[in-house]
Amino acid sequence: DYGIKLSPETIALPKEAAINLHPSLLPAYRGPAPMPWALINGEPITGVTTQLIGEKIDCGQILLQEPTFIFDHETLPHLSQRLAQLGAPLVWRTISELKDNRLEPTPQDERQASIAPKLKKEDGLIDWHIPAAALFNRIRGLNPWPGTYTFLKGKRVRIITVSPAEETYLLPPGALRVENDKLIVGCGQAETLSIDELQIAGKQPRTAADFLRGHKINPNDCFNSK
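Residue 76 is where the sequence shown starts when you use this note's numbering, and the numbers rise one by one after that.
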């Protein structure tokens with residue numbers, strides 16, 4: 076689940092230390108998908124961590140950390156870019172302070188540990204019975220990969236971006252409604268989301284307004300799981 080694991084011989088090669096940059100505030104979100112899971116879980120804060128590489132993946136002693144807020148509508152590509160920009164100088168700072176013996180590695184607190192497991196394609200299938208806020212976070216955390224999707228009249232539809240609906244509509248989960256060129260979908264707990272961008276299988280991504288110009292939504296139309 077974690078890709079390639081370094082051998083003890085490889086870890087022992089550096090003269091000073093073998094270090095790793097991880098895109099979370101360890102020990103939270105150990106594993107291969109920390110950024111998607113931070114978004115899916117609606118975390119307000121994340122960050123980057125430099126750590127000593129040990130035998131267990133992402134369990135090494137912490138060297139330095141740099142926290143940052145997660146913006147309310149931040150997407151996975153944007154968060155990934157920001158954490159890369161935070162991480163690069165943190166690595167150089169870590170190397171410098173290690174060489175000058177100014178760093179005291181800190182063991183991770185196992186009581187605070189959590190796992191960010193590898194994502195699978197089937198994780199992208201949308202369950203419209205989930206409340207709107209949780210669905211919003213899931214959609215932004217799973218795009219661009221594996222991508223979130225649903226089905227409309229038997230055709231697979233990728234849901235790329237959504238936003239909270241400006242008004243509340245009483246719609247069953249998955250039910251669709253068109254309001255002023257907006258495509259509204261029902262979610263769990265009688266909540267709704269507005270579809271901003273979507274993609275029919277075999278077609279180019281389109282805004283909801285463009286989609287509606289070429290597709291008529293009938294009163295009984297709804298998003299389904301197949």
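Note that beta-carbon positions come from the ideal geometry of N, C-alpha and C, so glycine has one too.
In this chain, the beta strand (DSSP E) harbouring E272 covers 267-275. As computed with DSSP, T223 is found in a beta bridge with I234. The beta-carbon distance between L287 and L258, rounded to whole angstroms, is 6 angstroms. This is short enough to meet the 8 angstroms contact definition. For T169, there is no enclosing beta strand (DSSP E); the residue is part of the alpha helix (DSSP H) that begins and ends at 151-174. Rounded to the nearest whole angstrom, the C-alpha separation of L96 and P221 is 23 angstroms.
A103 and L158 have their C-alpha atoms roughly 15 angstroms apart.
When DSSP reads this structure, T181 sits in a beta bridge with I137. Beyond the five residues adjoining it in sequence on each side, V232 comes within less than 8 angstroms, by CB distance, of Y224, T225, F226, L273, Q274, I275, A276, F298 in the same chain, given in chain order. Counting of Cβ neighbours within 10 angstroms places D184 among the exposed residues, the total staying below 16. In the displayed model, G263 falls within a strand according to three-state DSSP. I205 is a Cβ neighbour of C262, given a cutoff of 8 angstroms. For V237 and P280, the gap between their C-alpha atoms comes out near 13 angstroms. The beta-bridge partner set that DSSP reports for F298 consists of L227.
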